[in-house]
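*Asks:* In my numbering, the protein residues as written are 6 to 400.
My structure is below; once you've seen it, I'll send some questions.
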């Protein structure tokens, strides 16, 4: 991307906020926290300062209120196994060892259900030593059951990028239910940048609920430590209400860049409110369900759903875990938004019922209020949502 100098005042974004820094303690810093998640305007500053680089110019549409959409590069490598590079290897080393063949994504290519692919991303990082990052699938990718994770060189973990990392980014992609068509520039993953440990304590979570009303549930907020419990809505609006969807098998390929294109009935079976209040999640099936609570994320916070927590059951819920500032918030035209849950059981069938806790939400503080909020003003797809399939389907 084009090189642009960092403007005056951006240096403290890159870690120079020591007592001796000319940018610390000034009038303009009062609204900025030294630790926290980077908001949209500070992501833009990192781009200007060439701390985030790309093989093609980064578009404004990639910059979300508290995250950056990452784009697939030109080549997908079909590999015979998922892997982590570990401290002694680059991702390229592992690709050379495990790759079976290449797919040119310039004009689009199909990633087949049940296989694993590694795709170099167009973006790369040169992070300041105090700034780390973590990634998650975008909501629309999660709702298609695309299991995708970010990988970096010499890394011992998926989706976690060490402070000061300098190097390329890769996506591991494994479509679990549908085969999908992607191309260079397709956005499946999001990146959040953070400094320090901005997760809220249990006391701070209770205070935030009292002051900002994180859920519209009339009962007292239910916390597990510092996390907000999310429960399942299987009652809906009545006995015959649709409360979820189960993915069909052996469906056509889905082009992930087509919006409102596919008839939902060709890919999904509706689930109606069970008469007994619950039903069994079957192994090797994929479900779209919704939370009982309507969630709100204040403009100066972000949230993340823990995707797999054995304390609430042997299943994975909510692959795409980022909730942006303004999600369901009155400041962004919302009145609470349901959490749509992407659910896949592990190992054994599992019975769930109405009101059962199925996930936990972690709130984190932003360094500053972003200059854009999740909502209708920026064309967000899932503001004020109830139970909803991904944007690719029409009902």
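Every residue gets a Cβ at the ideal spot worked out from N, C-alpha and C, and that includes glycine.
Here the structure is a predicted model, which is why all the values come from computation and not from measurement.
Check residue 343 in the structure and name its three-state DSSP category.
*Replies:* Reduced to three states, the DSSP call for residue 343 is strand.
*Asks:* May I have a chain-ordered list of the alpha helix (DSSP H) segments no shorter than 4 residues that lie completely inside the segment 253 to 302?
*Replies:* Counting only runs that start and end inside the segment 253 to 302, there is no alpha helix (DSSP H) element of at least 4 residues.
*Asks:* Would you kindly work out how many angstroms separate the C-alpha atoms of residue 234 and residue 362, rounded to a whole number?
*Replies:* 6 Å
*Asks:* Between which two residues does the alpha helix (DSSP H) containing residue 207 stretch?
*Replies:* 207 to 217
*Asks:* Residue 362 lies in the beta strand (DSSP E); which residues open and close that run?
*Replies:* 362 to 370
*Asks:* Could you check the C-alpha separation between residue 33 and residue 49 for me, to the nearest Å?
*Replies:* With a pLDDT of 38 at residue 33, under the threshold of 50, the modelled position of this residue cannot be trusted; read the value that follows with caution. Each residue's alpha carbon lies about 17 Å from the other.
*Asks:* Flag this pair as yes or no: are the beta carbons of residue 182 and residue 118 separated by less than 8 Å?
*Replies:* yes
*Asks:* Using C-beta distances below 8 Å, list every residue in its chain close to residue 132, excluding the 5 sequence neighbours before and after it, in chain order.
*Replies:* Cβ neighbours of residue 132 beyond the five flanking positions: 56, 138, 166, 168, 169, 170, 171 and 198.
*Asks:* Grab the span of the alpha helix (DSSP H) containing residue 49 for me, first residue to last.
*Replies:* 45 to 53
*Asks:* Checking the sheet assignment: what are the DSSP bridge partners for residue 195?
*Replies:* 74 and 141
*Asks:* Report the three-state DSSP secondary structure of residue 96 (helix, strand or coil).
*Replies:* Assigned with DSSP and collapsed to three states, residue 96 falls in helix.
*Asks:* According to DSSP, simplified to helix, strand and coil, what is residue 336?
*Replies:* helix
*Asks:* Is any heavy atom of the ligand NAD found at a distance shorter than 7 Å from the C-beta of residue 320?
*Replies:* This structure does not include the ligand NAD; it has no bound ligands of any sort.
*Asks:* Which partner residues does residue 116 have in the DSSP bridge list?
*Replies:* 185
*Asks:* Between the alpha carbons of residue 145 and residue 153, how many angstroms are there, rounded?
*Replies:* 12 Å
*Asks:* Measure the Cβ-Cβ separation of residue 122 and residue 84 and say whether it is below 8 Å.
*Replies:* A contact, by the Cβ cut-off of 8 Å.
*Asks:* Is it buried or exposed for residue 400, if we count other Cβ within 10 angstroms and need 16 for buried?
*Replies:* exposed
*Asks:* In chain order, which alpha helix (DSSP H) runs of at least 4 residues are fully inside the segment 127 to 174?
*Replies:* 144 to 147
*Asks:* Could you name the residues of the same chain whose beta carbon sits closer than 7 Å to that of residue 299, not counting the 5 residues immediately before and after it, in chain order?
*Replies:* 220, 221, 333, 341, 342 and 343
*Asks:* How would you label residue 76, buried or exposed, when you count the other beta carbons within 10 angstroms and need 16 or more for buried?
*Replies:* Around the beta carbon of residue 76, 16 or more other beta carbons sit within 10 angstroms, so the residue counts as buried.
*Asks:* What are the start and end residues of the beta strand (DSSP E) that includes residue 80?
*Replies:* 80 to 84
*Asks:* If we ignore side chains and look at the alpha-carbon of each, how far apart do residue 242 and residue 372 end up?
*Replies:* 39 Å
*Asks:* So which of 135, 149, 98 and 143 has the shortest CA-CA distance to residue 125?
*Replies:* 98
*Asks:* Just the Cα atoms here: how many angstroms apart are residue 370 and residue 237?
*Replies:* A direct Cα-to-Cα measurement between residue 370 and residue 237 gives close to 26 Å.
*Asks:* Would you decide whether residue 285 is buried or exposed? Buried here means 16 or more other CB atoms lie within 10 Å of its CB.
*Replies:* Residue 285 counts as exposed, since fewer than 16 other C-beta atoms from the protein chains shown sit within 10 angstroms of its C-beta.
*Asks:* Given this structure, state the Cα-to-Cα distance separating residue 103 from residue 301, to the nearest angstrom.
*Replies:* So the two alpha carbons sit approximately 43 Å from each other.
*Asks:* Expressed to the nearest angstrom, what Euclidean distance is found between the alpha-carbon atoms of residue 402 and residue 282?
*Replies:* Here the chain comprises residues numbered 6 to 400, so residue 402 is not present and cannot be evaluated.
*Asks:* Using the rule of at least 16 other Cβ atoms within 10 Å of the residue's Cβ for burial, across every protein chain shown, is residue 348 buried or exposed?
*Replies:* With a 10 Å radius around the Cβ and a threshold of 16 neighbouring Cβ atoms, residue 348 comes out buried.
*Asks:* Bridge partners for residue 232 per DSSP, in chain order?
*Replies:* 229
*Asks:* Rounded to whole angstroms, what is the Cα-Cα separation between residue 26 and residue 41?
*Replies:* Reliability of the predicted coordinates at residue 26 is poor, the pLDDT of 35 falling under 50, and the value obtained from them is presented with this limitation in mind. Approximately 19 Å, taken between the alpha carbons.
*Asks:* Under 8 Å between C-beta atoms, does residue 166 make it to chain D?
*Replies:* Annotation note: the requested chain D is absent from the structure, which comprises a single protein chain.
*Asks:* In terms of alpha-carbon separation, which member of 184, 136 and 227 lies closest to residue 212?
*Replies:* 227
*Asks:* Measuring CA to CA, which of 148, 134, 51 and 87 is closest to residue 120?
*Replies:* 87
*Asks:* For my contact list, residue 180 and residue 116 are in at a C-beta cut-off of 8 Å; report their separation, rounded to the angstrom.
*Replies:* 5 Å
*Asks:* Identify the continuous beta strand (DSSP E) that holds residue 105 and give its terminal residues.
*Replies:* 104 to 109
*Asks:* Since I believe residue 43 is in contact with residue 205 (beta carbons under 8 Å), could you give me their beta-carbon distance rounded to a whole number of angstroms?
*Replies:* The Cβ separation is near 17 Å, so there is no contact.
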